[in-house]
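Report on the following structure.
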Amino acid sequence: MAQTEALDLIRAQNVSLEARFADRISVNSFLSRRLVSFQANKDRPVYRWFKYKEGFSSTLVHYLLDRLNLHSGRLLDPFAGVGTTLLTASARGIDSVGVELLPVGCAAIEVYRLMHSAESQRALPVLARWCAEQPWRATTHSKPFSHLRITQGAFPEATQLALEKYLGALEAEPPLAQKLLHFAALCVLEEISYTRKDGQYLRWDERSGRRQSRKPLNKGILPSFEVAITKKLAQMIDDLQLPDRLLAGFEAPPLSGTIQVFCGSALDWLPTFESASFDAIITSPPYANRYDYTRTYALELALLGVDDTSLRNLRQQMIACTVENREKAGLEYRFTPEVYHKALAAFRKQVELQTILEYLEAQRRAHALNNQGIPRMLKNYFLELALVIFDSARLLRPSARFVMINDNVRYSGIVIPVDLILSDFAEQAGFHIEAIWALPAGKGNSSQQMSLYGRQELRKSVCIWRRNS
Ligand SMILES: C[S@@+](CC[C@H](N)C(=O)[O-])C[C@H]1O[C@@H](n2cnc3c(N)ncnc32)[C@H](O)[C@@H]1O
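Under this note's numbering, think of the first position of the sequence shown as 1233, with each following residue one higher.
Dropping the structure here:
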């Protein structure tokens, strides 16, 4: 098929897919971009410690729980990030279970949970002493920061020496204080480094000596380790000392719902959970946008002891959202045969998706894509999410809701309606598509794409699927 014909076919199919769900798609003006991102958490005690750009806000989770009318029971987030869903649910008396692949998210959840325990107050004097006296400066015991290949040279020399002394000195403190002090260091790594998290990858300051992108980066004067860490410790002390603010701004302790966290891949953990054992799922998987969390969070992962081999493994275990992701081996053995075959069949017969994949594959063969890995990434992304959706249908009780937050994407001028394709999978998995709430202002195009394809907004949406009874 000629390229223009293929594009016309894709556009026509997208229009009919939109038409199929049109009565469920609506703009929900409550859902601002600020809410459906980490931004609204930025000023909230404790959540503000670690900037997890890929997170959503706890206000969004409160809103969703209200809309779902969920006040008890058991909730699952298979892509838990820093635990926003889990903590918010738990503060409302709902038990929650989370799965998160990256040790960074797991570490944050662990620390945030500690903040709700009476124990956390015991760490306060230690934090206050460290903030006021900076005891690491006088230590002779340093702990090396084990760099990954992709983080070498991230810190000015004096900063790295100070960080290593800090990491050495904290080992003399009681376990709980150690955990908080260590997490404080994790929270300042980007700030004190020559790197900046920039969506798809880690950008490097020109002073690092690393290869520069077209637009060189200069972060200006970097704070010294001492300045950054004392500011972070002061912030933590502040949040720990003000129980009233903690009550109002974080999640009202005590967390009355239990929280269980499974570190690893949802593709491994979900199949091990009991059928019909959850009352809701609220989640936001990685988007199909090529953002590589293992690169953007490489400094934090290095601090947590991840080495080059484990980093590569983590990258391959992520839901396929980067061009480096290959097919995952043995998916058919991870899920029950029923789940696997139904999900595979739904993936194969999703006409709009298959047309898009064929087109992109033809573009790849013609060397017309800016990256050859794009078709493979998309194919695996949708297959893996089909498996997650079908297994979730097994895990949810009848009439339970699945809330999926995602972004549509564009490749080679084609808009990929991720929300509608996943909704189609959900329908086949036994869900009724109740609503697809679009955010008021869609994401614009990059200037490059706009000049090529004109402005067509990409929808960011919240899908509400109800399990058939
Ligand atoms: C959009 S973020 C979710 C953020 C979360 N809602 C929050 O508020 O922090 C997607 C998460 O999925 C995780 N992830 C990616 N692949 C995964 C997998 N195979 N299993 C479990 N988690 C995975 C990523 O590490 C990331 O934290």
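Even for Gly, the Cβ is constructed at its ideal location relative to N, Cα and C.
query: Opposite R1642 in the DSSP bridges: which residues?; result: V1647
query: Taking only three categories from DSSP, how would you classify Q1366?; result: coil
query: Do the region 1271-1283 and the region 1654-1672 make contact, defined as three or more Cβ pairs closer than 8 Å?; result: no
query: Would you identify the three-state DSSP class for F1634, choosing helix, strand or coil?; result: strand
query: Going along the chain, which residues of its own chain have a beta-carbon closer than 7 Å to the beta-carbon of Y1295, five neighbours each way excluded?; result: F1262
query: The alpha helix (DSSP H) spanning K1397 covers which residue range?; result: E1389 to A1401
query: Between Y1344 and ligand 1, is the CB less than 8 Å from at least one heavy atom?; result: no
query: If you draw a straight line from the C-alpha of A1577 to the C-alpha of K1397, how long is it?; result: 56 Å
query: Grab me the residues of R1252's own chain with a C-beta within less than 6 Å of its C-beta, minus the 5 sequence neighbours each way, in chain order.; result: none
query: Which whole-angstrom value describes the C-beta separation of K1464 and A1534, a residue pair presumed to lie in contact below a C-beta threshold of 8 Å?; result: Not a contact, Cβ separation roughly 18 Å.
query: In whole angstroms, what separates the C-alpha of Q1271 from that of K1285?; result: 8 Å
query: Looking only at C-alpha atoms, which of T1528, G1489 and N1602 sits nearest to T1383?; result: T1528
query: Taking 8 Å as the cut-off, is the CB of E1532 close to at least one heavy atom of ligand 1?; result: no
query: What's the call for K1581, buried or exposed, on a 16-neighbour Cβ count within 10 Å?; result: exposed
query: Let's test the definition: count the other Cβ atoms within 10 Å of the Cβ of A1370 and tell me whether it reaches 16, buried, or not, exposed.; result: exposed
query: For Q1392, count the other beta carbons within 10 Å of its own beta carbon; 16 or more makes it buried, fewer makes it exposed. Which is it?; result: buried
query: Is the CB of L1412 under 9 Å away from at least one CB in chain C?; result: The structure shown contains no chain C; it holds only a single protein chain.
query: Is the separation between the beta-carbon of N1273 and that of S1258 shorter than 9 Å?; result: no
query: When DSSP labels each residue in this structure, what does H1664 get in the three-state scheme?; result: strand
query: In angstroms, rounded to a whole number, what distance separates the CA positions of S1440 and L1449?; result: 10 Å
query: Using only the alpha-carbon positions, how far apart do F1282 and T1236 sit?; result: 47 Å
query: Taking the alpha helix (DSSP H) that Y1344 falls in, what are its first and last residues?; result: P1335 to L1346
query: What does a CB cutoff of less than 8 Å around Q1604 pick up in its chain, not counting 5 residues either side in sequence?; result: V1555 and R1596
query: For P1310, count neighbouring C-beta atoms within 10 Å of its own C-beta (all shown protein chains included) and say buried if the count is 16 or more, exposed if not.; result: buried
query: Could you tell me whether any non-hydrogen atom of ligand 1 is closer than 8 Å to the CB of F1634?; result: no
query: Which parts of the region 1269-1326 are runs of the alpha helix (DSSP H), unbroken and 4 residues or longer, counting only runs that do not cross its ends?; result: 1290-1300 and 1316-1323
query: Take the Cβ of S1679 as the centre, count every other Cβ of all protein chains shown within 10 Å, and call the residue buried at 16 or more, exposed below.; result: In this predicted model, S1679 has a pLDDT of only 44, less than 50, meaning its place in the structure is not dependable enough to derive any value.
query: Pair every Cβ in the region 1330-1348 with every Cβ in the region 1359-1369, then say whether three or more of these pairs are closer than 8 Å.; result: no
query: Buried or exposed for H1373, please, with buried defined as at least 16 other CB atoms from any protein chain shown within 10 angstroms of its CB.; result: exposed
query: Quick one: grab the DSSP three-state call for D1430.; result: strand
query: How close, in whole Å, do the beta carbons of G1325 and H1303 come, if the pair is a contact with beta carbons under 8 Å?; result: 7 Å
query: Is any heavy atom of ligand 1 found at a distance shorter than 8 Å from the C-beta of M1609?; result: no
query: Below 8 Å on the Cβ atoms is my contact criterion, and I expect S1507 with R1698 to pass it. Report the Cβ-Cβ distance as a whole number of Å.; result: The pair is not a contact, with the Cβ atoms about 17 Å apart (cut-off 8 Å).
query: Provide the residue(s) that pair with D1224 in DSSP beta bridges, ordered along the chain.; result: Because the chain is modelled from 1233 through 1701, residue 1224 falls outside the range shown and cannot be assessed.
query: Taking S1542 as part of the alpha helix (DSSP H), name the residues at either end of that continuous run.; result: D1540 to Q1549
query: Among all the DSSP beta bridges, which residues are the ones paired with V1329?; result: L1308 and Q1492
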